[in-house]
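Colleague: Numbering (our numbering), first residue to last: 1265 to 1586.
All C-beta atoms, glycine included, are put in the ideal place defined by N, C-alpha and C.
1) Between which two residues does the alpha helix (DSSP H) carrying residue 1483 extend?
2) Span of the alpha helix (DSSP H) holding residue 1356?
3) Can you name, in chain order, every residue of its own chain whose Cβ lies under 7 Å from the Cβ of residue 1508, other than the five neighbours on each side?
4) Whose CA, out of 1586, 1581, 1418 and 1442, lies closest to the CA of residue 1498?
5) Per DSSP, what kind of secondary structure is residue 1470 in: helix, strand or coil?
6) So within the segment 1328-1380, which uninterrupted alpha helix (DSSP H) runs reach at least 4 residues, ignoring any that extend past its ends?
7) Taking contact to mean at least 3 C-beta pairs separated by less than 8 Å, is the segment 1398-1414 in contact with the segment 1535-1546?
8) Taking 7 Å as the cut-off, is the CB of residue 1490 close to at least one heavy atom of the ligand MN?
9) Note down, in chain order, each residue of its chain lying with its Cβ closer than 6 Å to the Cβ of residue 1461, except the 5 sequence neighbours on either side.
10) When the Cα of residue 1434 is compared with those of 1419, 1457, 1455 and 1407, which residue comes out closest?
11) If you reduce the DSSP assignment to three classes, tell me which class residue 1318 lands in.
12) Start and end of the beta strand (DSSP E) containing residue 1562?
13) Should residue 1439 be labelled buried (16 or more other beta-carbon atoms within 10 Å of its own) or exposed?
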């Protein structure tokens, strides 16, 4: 199926007149990513009326998006010029991308966090320019905490207890209500959540720098068993299929007291069609026994394919977005 999709897209791109300067950017559609990419494309085309920027909508699930990217990159396809890449991909995909320092990226990198720039630099080459950076956050219903006389939770134990109390009360009139929704599908989102649980509970790393397995410790077992216990109690069993947008849908329709998500959900939760607009706050994620909150860094970057059609225009567009 994926090969058929790839063939169809290549055929579509082939219809573009050879004389036309076209930049194709691969983007996701989680939250406002696609909308912002299209706005950037419109702005670029206003500045450069001789250029057409095409936005390719790619899968929201990161592993599906990566799989599609690899089909293009490993085939050395010139059909995509700019790739929107996850924060953990630069090292794995570096061989396919150009060094943006050779395209005046030094004028842009100073606007971004040095740690993210370092993350995107492989063997001295800037293979991706930061687009936006974020980290995991807790969202909670202020009206419901007030209704049940509860304080905002600062630990996972407090969140669990508050979620139980609110869920029990709200279920009297809303059987679809849940205490806490998060990303439980078998994908990168669950990895992000799990890393936050482990770090907040002083559970160390999964593998140490000297390549020893370190996750087999009491603190790790404790917090992972706690999280597993949420499924079917304060979280629906369906949470095991949830990605970011699934959790946001339950939260934003007013059917959850708490959710873990990224900053993109903030503006959407304030929208006119949101049942929680004006009724929520966004503090750091709760702490475990370490007493420290932990948030997985996220965000997306922009990379230029070595096989791109437009060797000069494509880097220019990526730097405009950055």
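Modeller: This is what the structure holds:
1) Taken as a continuous stretch (DSSP letters only), the alpha helix (DSSP H) holding residue 1483 covers 1482-1494.
2) 1354-1357
3) 1294, 1447, 1453, 1525 and 1526
4) 1442
5) coil
6) 1354-1357 and 1370-1373
7) yes
8) Ligands displayed in this structure: none; no statement on the ligand MN is therefore possible.
9) 1487 and 1491
10) Measuring from the Cα of residue 1434, the nearest candidate turns out to be 1407.
11) Residue 1318: strand per DSSP, three-state reduction.
12) 1561-1568
13) exposed
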